[in-house]
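Numbering (full-length UniProt numbering), first residue to last: 1 to 157.
Ideal Cβ positions, reconstructed from N, Cα and C, are used throughout, including at glycine.
No experiment lies behind these values; they were computed from the predicted model shown.
To keep things clear, I will list the structure first and then write my remarks on it.
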Amino acid sequence: MEKVPMTAEGYRALDDQLKQLKSVERPSVIAAISEAREHGDLSENAEYHAAKERQGWIEGQIAEIEDKISRAQVIDVSKLDGDQVKFGATVTVVDEDTEEEGTYQIVGEHEADVKQGKISVASPIARAMISKEVGDVVEVNTPGGVKAYEILKVEWK
1 MEKVPMTAEG YRALDDQLKQ LKSVERPSVI AAISEAREHG DLSENAEYHA AKERQGWIEG
61 QIAEIEDKIS RAQVIDVSKL DGDQVKFGAT VTVVDEDTEE EGTYQIVGEH EADVKQGKIS
121 VASPIARAMI SKEVGDVVEV NTPGGVKAYE ILKVEWK
């Protein structure tokens with residue numbers, strides 16, 4: 001069984017999402033199904049079919065999150081340090097062509113959110129940066145061609 005690396009923050013977010021699904025969403029959809037059944041003929045009852053579809057989606061989400069939590073390898077980023085880029089590091093890079101700087105934290109796949117500066121450990125740029133240090137230049141294959149980034153800073157927040 002493959003472990004799923006995640007930060008403590010990512011684990012809490014997953015756990016909160018699971019609690020929301022189980023304690024709010026699931027009871028709500030069960031009530032909607034019950035109410036729709038009271039309207040009679042189920043074969044032509046759009047409310048019933050929509051509620052059943054939503055129930056299937058919720059149960060799928062619960063199963064997926066429970067699976068991730070059971071395989072979670074929670075990594076406390078605050079206890080990490082060093083000069084090498086690894087999971088949990090916050091890395092500042094500069095694009096060698098445009099001189100544009102960017103700061104990214106390397107997180108688990110389900111935590112990734114580029115708008116918040118969080119990139120998946122499985123993303124091409126994160127894979128290229130792993131084990132590199134300040135001053136190293138990494139090349140990343142992007143849809144627009146090969147991009148070169150210089151690592152300016154490695155932090156542990």
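- Fewer than three Cβ pairs drawn from the segment 28-42 and the segment 104-124 lie within less than 8 Å of each other, which leaves the two stretches out of contact.
- In the structure shown, the three-state DSSP call for aspartate 113 is strand.
- Rounded to whole angstroms, glutamine 20 and glutamate 2 show a C-alpha spacing of 26 Å.
- Put simply, the backbone Cα of lysine 22 is about 16 Å away from that of lysine 52.
- Here alanine 32 has Ala51 as same chain residues with Cβ atoms under 6 Å from its own Cβ, once five neighbours each way along the sequence are excluded.
- Here the C-alpha atom of aspartate 136 lies approximately 55 Å from the C-alpha atom of isoleucine 30.
- Cβ-Cβ separation between glutamate 133 and aspartate 83: approximately 5 Å, consistent with a contact (criterion under 8 Å).
- It is roughly 27 Å from the alpha-carbon of aspartate 16 to the alpha-carbon of valine 91.
- Residue range 46-70 is occupied by the alpha helix (DSSP H) that includes aspartate 67, with no beta strand (DSSP E) assigned at that position.
- Partner residues in the beta bridge of serine 120, as assigned by DSSP, are Val107.
- Between isoleucine 75 and threonine 7 the beta-carbon gap is near 6 Å, inside 8 Å, which marks them as a contact.
- Looking at the backbone, the Cα of valine 140 and that of glutamate 96 are separated by about 12 Å.
- A distance below 8 Å between beta-carbons, with the five flanking residues on each side excluded, links arginine 127 to the following residues of its chain, in chain order: Val121.
- If you draw a straight line from the Cα of glutamate 100 to the Cα of glutamine 116, it comes to about 17 Å.
- Annotation: lysine 157 is outside any beta strand (DSSP E) and is labelled neither H nor E by DSSP.
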